[in-house]
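S.K.:
In my numbering, the protein residues as written are 51 to 364.
(1) What is the DSSP secondary structure of residue 89, reduced to helix, strand or coil?
(2) Roughly how many angstroms lie between the CA atoms of residue 307 and residue 360, to the nearest whole one?
(3) What does a CB cutoff of less than 6 Å around residue 357 pick up in its chain, not counting 5 residues either side in sequence?
(4) Give the secondary structure of residue 264 by DSSP, where H, G and I count as helix, E and B as strand, and everything else as coil.
(5) Quick check on this structure: which residue in 305, 251, 154 has the alpha carbon closest to the alpha carbon of residue 295?
(6) Alpha carbon to alpha carbon, how far is residue 171 from residue 104?
(7) Do the CB positions of residue 133 and residue 203 come within less than 8 Å of each other?
(8) Touch check for the segment 148 to 166 and the segment 179 to 197: three-plus C-beta pairs under 8 Å?
(9) Please report how far the alpha carbon of residue 84 lies from the alpha carbon of residue 176, in whole angstroms.
(10) Let me check one thing: in DSSP terms, what residues is residue 246 bridge-paired to?
(11) With DSSP as the reference, label residue 184 as helix, strand or coil.
(12) What beta strand (DSSP E) runs, 3 residues minimum, are completely inside the segment 277 to 355?
(13) Under 8 Å between the Cβ atoms of residue 152 and residue 187?
(14) Where does residue 130 fall in DSSP's three states?
(15) Using only CA atoms, which one of 225, 217, 285 lies nearest to residue 249?
(16) Looking at C-alpha atoms only, which residue of 89, 363, 328, 270 is the closest neighbour of residue 115?
(17) Give me the Cβ distance between residue 87 and residue 233, rounded to the nearest whole Å; I'm assuming they're in contact under 8 Å.
(18) Taking only the alpha-carbon atoms, compute the straight-line gap between residue 57 and residue 235 and give it to the nearest angstrom.
(19) Ends of the beta strand (DSSP E) at residue 123?
(20) Taking 8 Å as the limit between beta carbons, can you name the residues of its chain near residue 244, skipping five residues before and five after?
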C-alpha cells in the first residue's frame with residue numbers, strides 16, 4: 051500500500067438487488083442503491099493537468115502518470131453501497147462477537163500511527179507518522195469515538211469483517227471495485243470533486259481534510275502538501291478523524307467520499323492498469339472499460355498492494 055496511513059471500508063451488497071432505494075445491515079449501516087452508469091475516469095494530460103488545475107498543490111507532480119489515459123467506464127449492474135464509512139462501533143461488535151485479532155495485532159508490528167517529531171524541527175527533518183507495535187484500530191494515536199470511522203484495518207481485516215456481516219445478514223457483502231467507488235463518489239458529476247472543480251472555500255462543507263487547523267495543531271503537516279491561505283482558509287471542524295456523516299452528502303446521499311479516511315477497494319493496485327484502455331494508434335479512440343476490476347495483476351510478484359480511494363484527514 052503506497053499510502054501509509056489510514057484505511058477502512060465501505061460496504062457493497064452483492065447478489066440479487068432489491069427494488070428498494072435503501073437497505074440496512076445488522077450493524078446499523080444504511081446502504082444506498084446506485085444505478086448502473088457511465089463516466090470518464092483518469093487524466094488526459096497527466097501531471098501537467100493536475101498542476102494546472104491545482105496551482106496551490108506542491109505535490110501534484112507525483113500522482114499523474116498512473117491516472118492516464120482518460121477513458122470511459124461503464125458499470126453495468128446496480129449495487130448498494132453504505133452511505134457512511136464503517137465505524138469503530140461496528141467493527142468493535144465484530145471483534146467482540148468473533149474474538150477477531152487484526153493483522154496489526156497478530157504481526158506484533160502495529161500500524162503506522164500519528165507520532166510527529168517536535169515542532170522545532172525543520173521541514174526536511176520532520177515527520178508526522180511512525181510505525182509503533184502498540185498502535186492498532188483501538189489505539190491509532192489520536193482520540194476516536196464509536197461514531198468515528200474505524201482505522202488501522204488491513205484489507206484482510208476488511209474481508210473478515212465482510213464475511214462475518216454477510217453471514218449475519220444472509221447476503222453477500224464485499225468491497226466496492228474502483229470503478230463502482232468512483233461512480234458512487236462522482237454521483238453524476240464531471241468535475242474534479244462531486245461538488246465542483248474548486249476546493250477552496252467549499253470543501254470544508256463536504257470533507258474532513260488536512261487544512262489550516264491541522265497546520266495550527268502541528269507545524270509542517272499541511273504546508274508540505276499545498277500552500278495555505280492563513281487569513282481566509284476555512285476550517286472543517288476536526289484535526290483528526292470526524293464522526294461519519296458530519297459533512298454534506300453528495301447527490302447520491304453518500305458521506306465522506308472525499309476526506310476523513312482512505313477506503314479500501316476490491317482491486318489489486320497496478321500503476322499501469324489504466325493503460326489497458328489506451329488507444330492503439332493515433333487515430334484510434336480510447337476503449338470502453340466495462341465493469342473493470344483488477345483481480346489478478348499485482349504491482350509486483352511479492353507485493354499484492356490493494357487500491358484505496360477517497361483521501362484522508364491528513
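A virtual CB, placed ideally from N, CA and C, is assigned to each residue, including glycine.
Quantities reported herein were computed from a predicted structural model and do not represent experimental measurements.
M.R.: The answer reads as follows:
(1) For residue 89, the secondary structure class from DSSP, reduced to helix, strand or coil, is strand.
(2) Taking the straight line joining both Cα atoms gives about 5 Å.
(3) So the qualifying residues of the chain are 228, 315, 317, 319.
(4) Helix at residue 264.
(5) Cα-wise, what sits closest to residue 295 is 305.
(6) As the crow flies, the alpha-carbon of residue 171 is around 28 Å from that of residue 104.
(7) Residue 203 sits away from residue 133, with the two beta carbons spaced by 8 Å or more.
(8) In the pairwise beta carbon analysis, the segment 148 to 166 is classified as touching the segment 179 to 197: at least three pairs are separated by under 8 Å.
(9) Each residue's Cα considered, the two are about 43 Å apart.
(10) Residue 246 has 243 as its beta-bridge partners, per DSSP.
(11) Here DSSP, grouped into helix, strand and coil, assigns residue 184 to coil.
(12) With a minimum length of 3 residues, the continuous beta strand (DSSP E) runs that stay inside the segment 277 to 355 are 312 to 318.
(13) Yes, Cβ-Cβ distance for residue 152 and residue 187 is below 8 Å.
(14) In the three-state reduction of the DSSP assignment, residue 130 falls in the strand class, which pools E and B.
(15) Its Cα nearest to that of residue 249, the residue 285 stands out among 225, 217, 285.
(16) Nearest to residue 115 by C-alpha distance, out of 89, 363, 328, 270, is 328.
(17) Their Cβ separation, rounded to whole angstroms, is 5 Å, which keeps residue 87 and residue 233 in contact under 8 Å.
(18) Annotation note: pLDDT 38 at residue 57 (below 50); position unreliable, coordinate value reported separately. Straight-line Cα distance between these residues: approximately 17 Å.
(19) From DSSP, the beta strand (DSSP E) with residue 123 extends over 121 to 125.
(20) Excluding residues within five positions, the ones whose Cβ falls inside 8 Å are 235, 236, 237, 256, 300, 301, 307, 308.
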